[in-house]
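Some notes on the structure that comes next.
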Amino acid sequence: MENAISTGGQVTIPGEQPVTPENLILPDVVEEEIRNFDFLQSDAAKKYFADADFALKQGRHIQPYGDDYKIWDFVNTYFNKGLAWYYERLYGIFLRRETNERDLYFYLEFAEDNKGKFGYDRNIPIEDRHVVFGILLLNVYREKFFEEKVMKWEELEYLIEESEQKEHWQKLLYGDVRRNYTPNEKNEVKKKIRRSVSWFEKLGWTRWIDQEKIHFEILPGIDRLAKLYSREINHVDVILEYLEGENRQPEIPV
Amino acid sequence: MQEELFTSLSGNFEFLIPQDKESLLVLYHLFTRIENREIEESFTLKDFHDSIDDVALYLRREKSVQKEILARRLSHHFFTTLKAGDAYHFQLTVFSRDLLKLLKDELQPHYEGVELIHTFTRTLPLYDDDMSSVEKFGYWFNNHYEPARKVILAHTDSLQRFVDGRISELKQILKTDVKKARDLITRFIIVFEQIGKQTEGIIKTLKFKEVVVEKIKGAEEKFSATKEEWEKYMKIQEEIMIFFENVDRRILSISDKIEHTCSRLKSLYDTLRYKQEFKMRLEKFLNLLLVHSGVNDGEIVFPDCIGKKTIPCIREKFYYVPSYYFGNINPSALPDLAEDEEYRMKREHEKISMLQRQESVSKWVNEMICILERGNSAQYEEWFEKIFEAEKNLEVPVDVCYDMIQICNKSKIFTLDVESELYTAKTDPVTLWKMQFQPVDR
C-alpha cells in the first residue's frame, strides 16, 4: 500500500519523487513497438488472446474491472509487443490505449479514411438516443471526481422531472412536455434508459449494480464518447452559431 | 441492575442533561470564566446571575430568564452550594466540568494538526519495568492504558473528521472558477501537505503499536509461572489486542481515504487546467443536443450537422427467426435451478445448437415453400440428400420433412404424394418413403 508522506513541506509517495507543482505531471513512458506476431506463441496468448480478441471485435472497451481484468492485463502487457500491430496489419484498424483520470482502457478504432476489414455490417452506428444519454453520463463521470461514479434511477428521475433542463429531457424522452405523464409512459422511459445502460454495459462503458432498480457504475471507458465527439465538443460554439442562424454550415477543423 | 439504572436515568433525565440552550451556555460560560480566572472556583450568586445575563444578551432573549428556576434545576448535578459566613458560594461539580470539557473537545478537538503518533507516544509508552511483574503490568494497564485508550479513540475520531473535512474542502476547490487555476493549485497543495502530515503520523503509529504488541507478547514466559498470573496477563493481552484491532481498522480506513485522495490529487493536477474548460464545453454540448434535437417516430434525432459515429463491432446474429414452440410450458415460470458453471455453459451451448438447427430448418422450409409457390414440385429424397450434405446434421432434413408434412396437412394449396417405395439414403441407415411435395393446381 502506498502512502503519501510529508517531508519538510513536500509531499511524497514512497518510492517516487517529491510531488511539487513542477513534477506532478508524470512523464510518458516511451516503449518501443514490436512489429511481429511472436506474442501469439506466449502462454498468456493461449489463455487470453481469444477472449480479448472477441471482446474488442464486439466493440468492447477493456478496463481493469471485474471479469475483464485478466484480458485487460493481457492487452496491456502485449499492446506494444505485437498486439496493436496485429490489428493494424491484419484488420486495418487501430488498437487504442487511452487513459481517463489515470485509468487505462483499450478499444478498436477505425483509421481516419477507411474502416479496414470492419466495413459492411462489421460496425455499428451509435444511436442518437444513446449518445445524448452517454454524454450525460460522461458529464456525471467528470463531476464525481472524488466520489464513486455511481448513478441511481432517483438521480435520473430528478434530472427528468426537476432539473433546469427537465423540459428538454421530457421533450426527447416523452415526445412532448406536459405537467404529468401516465405510469405507462414513465415505465416506457425507464425501459428506454435501461436499454441504453445495457447497451453501454456491452461496450464496457457502464456496469450494472442492480439492473431492475437502474443502479449502475459509470466506467472509465465512457471517455470514448469524448474521443468520438471531440471535434464537436471542442467546437461547440461554432455549431451553436450555425444552429442559431448566425453562421453557415459549420466548418469544424480536423 | 440494568432496570434500576434505567429507572434512575429516566427519573433524573431533566437534571442530568441541560434541557435548553440557556442552561448549557450558562454552565459553559461559568466554566470558561473560571478557566480564564475571571471568577473564583467558588463563585458567587452575582457571578452566576451575571453569566445568565451575558447568555441572555448573546441569545437576544427579550424575556428575562427565570434565574431562580434555572439555579434550582442546575443545582442537582452541575454545581454544589457552600456556605461561607453569611454568603453562599457555588462550585461546578466534577461531573459538570467533565461534561463541559467533553463537549468542548467534541467541537474543538485539540488534536487538529497534531499527528496521531504524538497521542500514542504521550499516552501509551510501555517500559521494560512495566513488564517486570504482573502487578506492575496491571498498574500500567489500569493507569496508563485505560486513560490512553479513550484519548486515542477520540483522536482517531478527530482524525477521521479532519480527513473528511480536507476532502470536502478539495471538492469545493474543484467547483471554483477555473480561471484562477494557479491559485487553486496552491490551495490544494496546502491541503495535500496537511493530509500528508497526518499520513506520516499514521505510518509511525502503526509501527509504534507493533512495538507495544511485540513487547506484550514477548513477555508470555515471564507470566506463566502461576495460573493466576497467567490468567491476569492473558486477560490484559486480549483486551489490548481487541482495542488495537479496532484502532487498526479505523486507521486503515482513514489511510485508504488519504491514499485514494492523494492518487486523485496527482491526476487532478494533470488535468485541472484542461479538464475544467473541457467540462464546460461538454456541458454546452449536452445542452446543444438537448435543445436542438428533435423526435421522430419516438426516436431522438440530432441536428444534421452532428454526424453519426460508428464503432467497430461484429454482432452475432441469426438470419432467420427460429420458429420455436414451447407447448404449454411458460418458460418464465420455470424455477431457477442451482446449476454449476460448467453445466450452465453446456446447457447454453445446447440451446444455441438447437436454435441454430431451428434456424436451418426454417431456412430450408422457406426455400421449399418458395419452390412450391413458383408451381414446381419437390422430390423430398433429393432434398434430403441436399440438406444433409449442407448441414451435416441428420436432424435437420428429418425436421424439415416433418414441418413440410405438417404444412401440407394444414394447407389447401400444397399436397404430399407418398409413393409406396422405400428410398435408402446415401447416409445409411436412414430409409424413407419416396415423397413428392407439390402445389394443388399442378
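Here the protein sequences line up with chains Y and V, keeping their order.
68 is the number of the first residue of the first sequence in our numbering; add one for each residue after it.
226 is the number of the first residue of the second sequence in our numbering; add one for each residue after it.
Built from N, CA and C at the ideal position, the CB exists for glycine as well.
Inclusion of Q125/Y and G288/Y in the CB contact set at 8 Å is not warranted, their separation being larger than that value. The C-alpha of E435/V lies about 30 Å from the C-alpha of L327/V.
Inter-residue distance for E620/V and K651/V is about 15 Å (C-alpha atoms, whole angstroms).
If you draw a straight line from the Cα of N367/V to the Cα of Y115/Y, it is about 60 Å long.
Under DSSP, L431/V takes part in no beta bridge, so it has no partner. Of all alpha-carbon atoms in P243/V, F510/V, D628/V, the one lying nearest the alpha-carbon of Y296/Y is that of F510/V. In the three-state reduction of the DSSP assignment, T318/V falls in the coil class, being assigned neither a helical nor a strand state. Here the alpha carbons of R246/Y and F303/V stand approximately 59 Å from one another.
Taking I441/V as the centre and dropping the five residues before and after it, the same chain places the C-beta of Q462 closer than 6 Å to its C-beta, in chain order. A buried status is given to D624/V, since no fewer than 16 other beta-carbon atoms sit within 10 Å of its beta-carbon. P250/Y sits in a helix when the DSSP states are folded into three classes. If you look at P131/Y, you'll find it isn't in any alpha helix (DSSP H); DSSP assigns it neither H nor E.
What S518/V touches in chain Y, judged by beta-carbon distance under 9 Å, is D195, V199, H235, K238, L239, going in chain order.
Residue environment for N167/Y: buried (at least 16 other C-beta atoms within 10 angstroms of its C-beta). Taking a contact to require three or more Cβ pairs closer than 8 Å, the region 174-191 of chain Y and the region 154-166 of chain Y qualify as touching. Nearest neighbour of Q244/V by Cα position, chosen from L295/V, A373/V, D628/V, T346/V, turns out to be L295/V. The DSSP-derived three-state label of T166/Y is strand. Annotation: Cβ neighbours of N301/Y in chain V (cutoff 7 Å, chain order): R506. When C-beta distances to chain V are compared with 7 Å, the residues of the region 124-152 of chain Y below that value are K124, Q125, G126, in chain order. Around the C-beta of Y352/V, fewer than 16 other C-beta atoms lie within 10 Å, and the residue is accordingly described as exposed. Boundaries around Q583/V are those of the alpha helix (DSSP H), 566-598, since no beta strand (DSSP E) includes it.
For R209/Y, a Cβ of chain V is located within less than 8 Å of the residue's own Cβ.
Contacts between L513/V and chain Y, judged by CB atoms closer than 9 Å, involve E299, V303, I306, L307, L310 in chain order.
Taking 4 residues as the minimum length, the alpha helix (DSSP H) runs contained wholly in the region 337-385 of chain V are 341-348, 359-365, in order along the chain. DSSP lists no beta-bridge partner residue for R209/Y. In the pairwise beta carbon analysis, the region 197-211 of chain Y is classified as touching the region 504-519 of chain V: at least three pairs are separated by under 8 Å. About 6 Å separates the CB atoms of L286/Y and W272/Y; that is less than 8 Å, so the two are in contact. In the three-state reduction of the DSSP assignment, K659/V falls in the strand class, which pools E and B. By the rule that beta-carbons nearer than 8 Å mark a contact, R262/Y does not touch chain V. Here the alpha carbons of I479/V and I300/Y stand approximately 39 Å from one another. Looking at the DSSP output, E284/Y bridges to V217/Y, R274/Y. At a cut-off of 8 Å, the C-beta of F177/Y has a neighbouring C-beta in chain V. The Cβ atoms of L223/Y and V520/V do not sit closer than 8 Å to each other.
Linking I342/V to K429/V through their CA atoms gives a straight-line distance of about 6 Å. In this structure T486/V is buried. Its beta-carbon is surrounded by 16 or more other beta-carbon atoms within 10 angstroms. Shortest Cα-Cα distance from D304/Y to any of K637/V, C530/V, S393/V, F256/V involves C530/V.
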